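Engineer: Residue numbers for the sequence shown follow the UniProt record's numbering, beginning at 1 and rising by one.
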Amino acid sequence: MPIRDGLPDAFAVACGPIESYCNRLISAVSAVRFDVDAVFCISLDTRVDRRALFSETIGRQLDNEVHFHVVEKNSDPKRGCYESHQQLARHALDNGLDRILIFEDDAKAYEFKPSQVRWVNRFMQKRSFEALHLGYSMGRTWLTWFPFIARGRVVALHAYVLSREGCRILAQTPYDGTPVDVVVKHRIRQHCVFPMMFRQHAAAVAGSDLEQVVRNEDEWWERNWAKHRRSPMKNIWRTVLRLSF
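1) Between the C-alpha atoms of S163 and D63, what's the straight-line distance to the nearest angstrom?
2) If you drop the 5 nearest sequence neighbours on each side, which residues of the same chain put their C-beta closer than 6 Å to that of I42?
3) Return the bridge partner residues of A150 from the DSSP annotation.
4) List the whole-angstrom C-beta distance separating A107 from I149, where the pair is believed to meet the contact cut-off of C-beta under 8 Å.
5) Considering Cα atoms alone, identify which of V180, Q87 and R140 is closest to N224.
6) In this structure, how does DSSP classify Y110 when only helix, strand and coil are distinguished?
7) With three or more beta-carbon pairs closer than 8 Å as the criterion, would you say the stretch 86–100 touches the stretch 184–199?
8) Please determine, among T144, A131, Y175 and T173, the residue with the shortest C-alpha to C-alpha distance to V155.
9) Secondary structure at Q200, three-state DSSP: helix, strand or coil?
10) According to DSSP, is residue 297 part of a helix, a strand, or is it coil?
11) Tell me the DSSP bridge mates of residue 331?
12) Taking Cβ positions, are D45 and E72 nearer each other than 8 Å?
13) Would you call W237 buried or exposed, if buried means 16 or more other Cβ atoms sit within 10 Å of its Cβ?
14) Could you have a look at F104 and say whether DSSP puts it in helix, strand or coil?
15) Which value, in whole angstroms, describes the spacing of the CA atoms of D181 and K78?
16) Should K227 and M124 be called a contact, given that it needs their Cβ atoms to be closer than 8 Å?
17) By DSSP, does F129 sit in helix, in strand, or in coil?
18) To the nearest angstrom, how far is the alpha carbon of F40 from that of E65?
19) Give me whichever residues DSSP pairs with A38 in a beta bridge.
20) With V183 as the anchor, note down where its alpha helix (DSSP H) starts and where it stops.
21) For G177, which of Y82, A31, F34 and V32 has the nearest alpha-carbon?
22) Sort out for me which residues DSSP pairs M32 with in a bridge.
23) Three-state secondary structure (DSSP) at S27?
24) Are the Cβ atoms of W142 and N235 separated by less than 8 Å?
25) Looking only at its own chain, which residues have a Cβ that is under 7 Å from the Cβ of A171, when we skip the five neighbours before and after it?
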């Protein structure tokens, strides 16, 4: 409940700045911070609406500063998507960054606890990885022995971390018509946060600039969530045998 609820109008007006300060303070206390060198959000120059939505949602959840990587729409949207991710990988290499977190501007957070973020940060600090997906479209996943971390074969790049090695691979892989998330799936070793932390907004909220056939509706993500819960059990033998950790 806002702190001014129930006060006379004059007092409510007077309390406005105090309420604003308190809300910012509460937001700062509850915000989470990922242990990365930089956080980027890819966005088309025409999608002011998406940048505003991202800033008001995920932007408020993060203690990290978010840098919007604003790009012009390419006549070949698939190529434009590829090159926007590749540009950030090259930026990281050129500027000596070890880990970067990349969002797309239609990312949407699931509910998650700060304790999960702390374990994710420990993994990034202590273990070698190339790509760590915080959200994904299901292919196949299996749990590792590290809390909240799975290995996988997944697609979707709406929320993921690239290590320096992951950046190098992506930066050196020329575009050949293959979607960037498929290239990442086949060329970069993937780890996945489990349970996943981010999905994409439904098309009704933030319509896709790339997909001609809409798949990112709420119902689709509900099915994807169910698959992502089942997959580790189906592949439990990989976890027991520590395969491809």
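The beta carbon of each residue, even a glycine, is placed where N, CA and C say it ideally should be.
Quick caveat, the model's predicted, so the values are computed rather than measured.
Structural biologist: Looking at the coordinates:
1) Working through the sequence shown from its first residue, we reach residue 163 at position 163. Working through the sequence shown from its first residue, we reach residue 63 at position 63. Distance between the alpha carbons of S163 and D63: 20 Å.
2) Here residue 42 corresponds to residue number 42 of the sequence shown, with the count starting at 1. So the list reads H69, S84 and E104, once near-sequence residues are dropped.
3) As a first step, residue 150 is located in the sequence shown; it is residue number 150 there, counting from the start. According to DSSP, which records beta bridges pairwise, A150 is partnered with L143 and C192.
4) Taking the sequence shown and counting its residues from 1, the one referred to as residue 107 is at position 107. Taking the sequence shown and counting its residues from 1, the one referred to as residue 149 is at position 149. At roughly 20 Å, the Cβ-Cβ gap does not stay under 8 Å, so A107 and I149 are not in contact.
5) For the purposes of this step, residue 224 is identified with residue 224 of the sequence shown, where counting begins at 1. Measuring from the Cα of N224, the nearest candidate turns out to be R140.
6) Counted from its first residue, the sequence shown places residue 110 at position 110. The answer is coil: DSSP assigns Y110 none of H, G, I, E or B.
7) no
8) Position 155 of the sequence shown, counted from the first residue, corresponds to residue 155. For V155, the nearest C-alpha among the options comes from A131.
9) What you label residue 200 is simply residue 200 of the sequence shown in a count that begins at 1. The answer is strand: DSSP assigns Q200 an E or B state.
10) Outside the displayed span of the chain (1 to 245) sits residue 297, for which this structure offers no information.
11) The chain is shown only over 1 to 245; residue 331 falls outside these bounds and no answer can be derived.
12) Position 45 of the sequence shown, counted from the first residue, corresponds to residue 45. Position 72 of the sequence shown, counted from the first residue, corresponds to residue 72. Yes, Cβ-Cβ distance for D45 and E72 is below 8 Å.
13) Along the sequence shown, read from residue 1 onward, the residue named residue 237 stands at position 237. With fewer than 16 other Cβ atoms within 10 Å, it is exposed.
14) Residue numbering aside, residue 104 sits at position 104 when the sequence shown is read from its first letter. It is worth fixing the name first, because residue 104 is Glu in this sequence and not Phe. If DSSP states are grouped into helix, strand and coil, E104 belongs with the strands.
15) Counting from 1 along the sequence shown, the entry for residue 181 is found at position 181. Counting from 1 along the sequence shown, the entry for residue 78 is found at position 78. When rounded, the distance between both Cα atoms is 10 Å.
16) What you label residue 227 is simply residue 227 of the sequence shown in a count that begins at 1. What you label residue 124 is simply residue 124 of the sequence shown in a count that begins at 1. Against a cut-off of 8 Å, the Cβ pair of M124 and K227 comes out as no contact.
17) Taking the first residue of the sequence shown as 1, we reach residue 129 at position 129. Reduced to three states, the DSSP call for F129 is coil.
18) Within the sequence shown, numbered from 1, the residue matching residue 40 stands at position 40. Within the sequence shown, numbered from 1, the residue matching residue 65 stands at position 65. Cα-Cα distance, rounded: 9 Å.
19) Indexing the sequence shown from 1 puts residue 38 at position 38. BP columns for A38 point to I100.
20) On the sequence shown, residue 183 is found 183 positions in, with the first residue counted as 1. V180 to R187 is the span of the alpha helix (DSSP H), which, as asked, contains V183.
21) The residue you call residue 177 lines up with position 177 of the sequence shown. Comparing Cα positions, the closest option is Y82.
22) On the sequence shown, position 32 is the one that residue 32 refers to. What sits at residue 32 in the sequence shown is Val, not Met. Answer is L62, bridged to V32.
23) Stepping through the sequence shown from its first residue, residue 27 is reached at position 27. With a pLDDT of 43 at S27, under the threshold of 50, the predicted position of this residue should be treated as unreliable, though the coordinate-derived value follows. The answer is helix: DSSP assigns S27 an H, G or I state.
24) Your numbering for residue 142 matches position 142 in the sequence shown. Your numbering for residue 235 matches position 235 in the sequence shown. Yes; because the gap between Cβ atoms is below 8 Å, this pair is in contact.
25) Working through the sequence shown from its first residue, we reach residue 171 at position 171. Cβ within range, chain order: Q86, A89, R90 and L93.
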